[in-house]
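Quick note, our numbering runs 9 ahead of the 1-based positions in the sequence shown.
Positions of the beta carbon are idealized from the N, C-alpha and C atoms, including for glycine.
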Amino acid sequence: MKILVIGGGGREHALVWKLKQSSSVDRIFCAPGNAGTAEIAENIAVSATDLAQLLRFAKQNDVDLTVVGPDDPLAMGIVDLFTADKLRIFGPTKSAARLESSKIFAKELMRAQKVPTAQARMFSESKEALGYCDELKFPVVIKADGLALGKGVIIAPDVATAKSTVEAMMNEARFGDAGRRIVIEEFLRGTECSIHALVDGSDYRLLESARDHKRAFDGDEGPNTGGMGAFSPANNWSAELEDQFDQKIMRPLLRGLLEEGITFRGLLYPGLMISAAGARVLEFNCRFGDPETQVILPRMKSDLLPLLEATIDGEIDMCAIEWDERAAVTVVLASGGYPDKYETGKAISGVDEAEKFDDVHIFHAGTQRGNGEIVTSGGRVLAVTALGSNIAAARDRAYAAASRIQFEACHYRRDIALSAATS
Ligand code: AMP
């Protein structure tokens, strides 16, 4: 089979790496890919959001299956476009992907199906939203309705911040169209957990649990990032929560989607807040998480390809997924300054050394090959994943491998999975 993976981050390198192990796969293309995917697949110079070019490439090259990494092409309707042309593609349709691309759509659906989530109000008029700010107890969470590169969620500690956030989103169009409508919701306390499910329309299979670290610096300080590291399994997940998740979240959600005439086929990953009261949904993601994928796939013993195909064909209930019992930890090496301004083009050394460790996988994100060497080309540069008999062992190995890699102004958190390793 010929596979096209869309995207160019660490998640896509992990997807390509895992699919490459399938005996049914002959060739893998990655658009646009990075220096890591170039070593095991064929990169093509097409952006992940250039849908017309991607469709042309898939047709001209007889691609058998396309796997979509990032959220933008899904929200733009790449799955509808490919399926209209009878091409197989893994991911939800544009209307199903609204679970991620419209926080208001997701909230209304959860409300209708009584899925546990933060109490919220939705606004399309700034005057009403500003008036509401005067009635609130703080902190509150203010969210732009649409996709905003992960920056559309603001935790407002007081009324002044809340009002300036409403102004910025609704009147100053700081997030463009994404902030035209907003959600103001209750601030939930607890610990977060990422749960990935392969959803085939009416049924689903869970992948192993994971947790990620969003803040830039140790001790959960600094600005939010795309994710500075992750570990699997999550230390706040249990069989009891899994049961609750099935009964109170997944089943009502799938029912609600079907009632709306929407068939969700693809990867659904709800971000959850776990507290004494149970699990509540913070948000829905309609694609594999990054960097969660870099810890989940190295633990998956089963072939990923038949699982993706069964999801598309509505047959995931026929599949069992086998897992490595060991734990995995990934540490993201970022460019100095990330998530704000950073420089690129820095030569990276030591990747070969780091790869020599047993059970270590280096997934590339913002890298490219230039003049025979690998250089940085993005904010998140590499994800160094290690497996170990437990979180502590995996963590030690990931950090030992990461210490072999150098590039100018490289920074990474030193406390990834620390609380799980010592608990
Ligand atoms: P979202 O994109 O909605 O997941 O928001 C990004 C991050 O903001 C989440 O991973 C949480 O850390 C935080 N967050 C979102 N909603 C809430 C909430 N209602 N209460 C507390 N934290 C939240």
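- Secondary structure of H205 (DSSP, three-state): coil.
- The shortest C-alpha to C-alpha distance from G381 to any of A401, E364 and A356 is the one to A356.
- Ranking A44, S203, A153 and V208 by CA distance to the CA of D186 puts A153 first.
- The C-beta of R65 has fewer than 16 other C-beta atoms within 10 Å across all chains shown, which makes the residue exposed.
- Fully contained in the stretch 125-213 are the following alpha helix (DSSP H) runs of length 4 or more, in chain order: 135-142 and 168-175.
- Excluding sequence positions up to five before and after A138, its CB lies within less than 7 Å of the CB of F132, V175, M179, I191 and I193, all in the same chain and listed in chain order.
- Remark: fewer than three beta-carbon pairs, one from each stretch, lie closer than 8 Å, so the stretch 31-42 and the stretch 391-408 are not flagged as touching.
- Classified as buried, D81 has 16 or more neighbouring CB atoms from the shown chains inside 10 Å of its CB.
- In the structure shown, M10 adopts coil according to DSSP, grouped into three states.
- Check the Cα spacing between N294 and each of L158, A50 and S284: the tightest is with L158.
- Of all alpha-carbon atoms in S344, K112 and A61, the one lying nearest the alpha-carbon of R189 is that of K112.
- The Cβ neighbour count for L267, taken over all protein chains shown within 10 Å, is under 16; the residue is labelled exposed.
- If you look at A374, you'll find it isn't in any alpha helix (DSSP H); DSSP assigns it neither H nor E.
- Along the stretch 219-292, the beta strand (DSSP E) occurs as fully enclosed runs of 3 or more residues at 220-226, 230-241 and 274-284, listed in sequence order.
- Look at T302 here: in three-state DSSP terms it is helix.
- Note that the C-beta distance between R289 and T126 is below 8 Å.
- Of the candidates G354, H22, A171 and N70, the residue whose Cα lies closest to the Cα of C419 is G354.
- Here the C-alpha atom of F114 lies approximately 16 Å from the C-alpha atom of G161.
- Using a Cβ distance threshold of 8 Å, L306 and K27 count as a contacting pair.
- For the 8 Å CB-CB criterion, L316 and L207 form a contact.
- S56 carries a coil assignment under DSSP once its states are collapsed to helix, strand and coil.
- The three-state reading of DSSP puts Q30 in coil, since its state is none of H, G, I, E or B.
- Taking the Cβ atoms as the reference, A429 lies roughly 4 Å from N244, within the contact range of under 8 Å.
- Rounded to whole angstroms, E21 and Q30 show a C-alpha spacing of 14 Å.
- Taken in chain order, the whole alpha helix (DSSP H) runs of length 4 or more contained in the stretch 325-391 are 360-364.
- The three-state reading of DSSP puts P41 in strand, counting E and B together.
- Judged by DSSP secondary structure, T75 falls within the beta strand (DSSP E) whose first and last residues are L74 to V77.
- For Y408, the enclosing alpha helix (DSSP H) has its first and last residue at I400 to A411.
- For K310, the CB stays at least 7 Å from every heavy atom of the ligand AMP.
- Under the Cβ criterion (8 Å, minimum of three pairs), the stretch 329-348 counts as touching the stretch 401-409.
- The three-state reading of DSSP puts L216 in coil, since its state is none of H, G, I, E or B.
- A Cβ-Cβ distance of about 19 Å is found for the pair I425 and G359, leaving them out of contact under the 8 Å criterion.
- In the DSSP assignment, V393 forms a beta bridge with V340 and I371.
- Contact annotation: R308 and S412 have beta-carbon atoms that are not nearer than 8 Å.
- The beta carbon of G78 sits closer than 6 Å to those of I15, G16, R20 and E21, all from its chain and outside the five residues before and after it, given in chain order.
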